[in-house]
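The next block holds one structure in the form of structure tokens; read it before the comments.
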Amino acid sequence: NEYKELKKVHKENATLVLKQLKEAALNLDLDQPVYELEKMIAHIGDIDILEKLLDREKEGENRVELKEIIEQRIDDIERNE
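With my numbering applied, the sequence shown closes on residue 287, and no number is skipped along the way.
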């Protein structure tokens, strides 16, 4: 029974960490230089988040280079699914 309780706690912790990572990605500061953002975008594996970031960039500075980086990351994820 102790094992089940530990497993439950670990699952809750993992879920919380994933939620925090998703929120951090969604709230990514897009005012940073493109080369810095490119490093961070490479670690985002959630297409929904990437699409939201792409929309934010289109509504904001609308930098071609950054939009291409995000679109390429989405393509890479779709190809590997």
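C-beta: ideal position from N, C-alpha, C; glycine also. Fair warning: this is a prediction, and the values are worked out from it, not measured in the lab.
Using alpha carbons as the reference points, say which of the options lies closest to residue i.
i	options	result
Leu234	Ala220, Lys214 and Leu260	Leu260
Output the distance between the C-alpha atoms of residue i and residue j, rounded to the nearest integer angstrom.
i	j	result
Lys210	Ala230	30 Å
Glu258	Thr221	Inspection of the sequence shows that residue 258 is occupied by Lys rather than by Glu. Rounded to whole angstroms, Lys258 to Thr221 spans 21 Å at the Cα level.
Lys228	Ile255	7 Å
Glu274	Val215	40 Å
His249	Gln226	14 Å
Under 8 Å by Cβ, that's how I've got residue i and residue j pegged, so tell me the actual separation to the nearest angstrom.
i	j	result
Ile253	Ile283	6 Å
Only counting the same chain, and skipping five residues up and downstream in sequence, which positions put a Cβ closer than 7 Å to that of residue i?
i	result
Leu272	Val240, Leu243 and Glu263
Any heavy atom of the ligand GDP inside 7 Å of the beta-carbon of residue i?
i	result
Leu256	As presented, the structure is devoid of all ligands, the ligand GDP included, so that no description of it is given.
Kindly list the residues whose CB is nearer than 8 Å to the CB of residue i, restricted to its own chain and excluding five residues on each side of it in sequence; keep chain order.
i	result
Asp236	Per the sequence presented here, residue 236 reads as Leu, with Asp not at that position. Leu243, Leu259, Arg262, Glu263, Gly266, Glu267 and Leu272, listed in sequence order.
Arg269	Val240 and Glu263
**Residue ranges of each alpha helix (DSSP H) within the stretch 245-275, 4 or longer** = Listed in chain order, they are 253-265.
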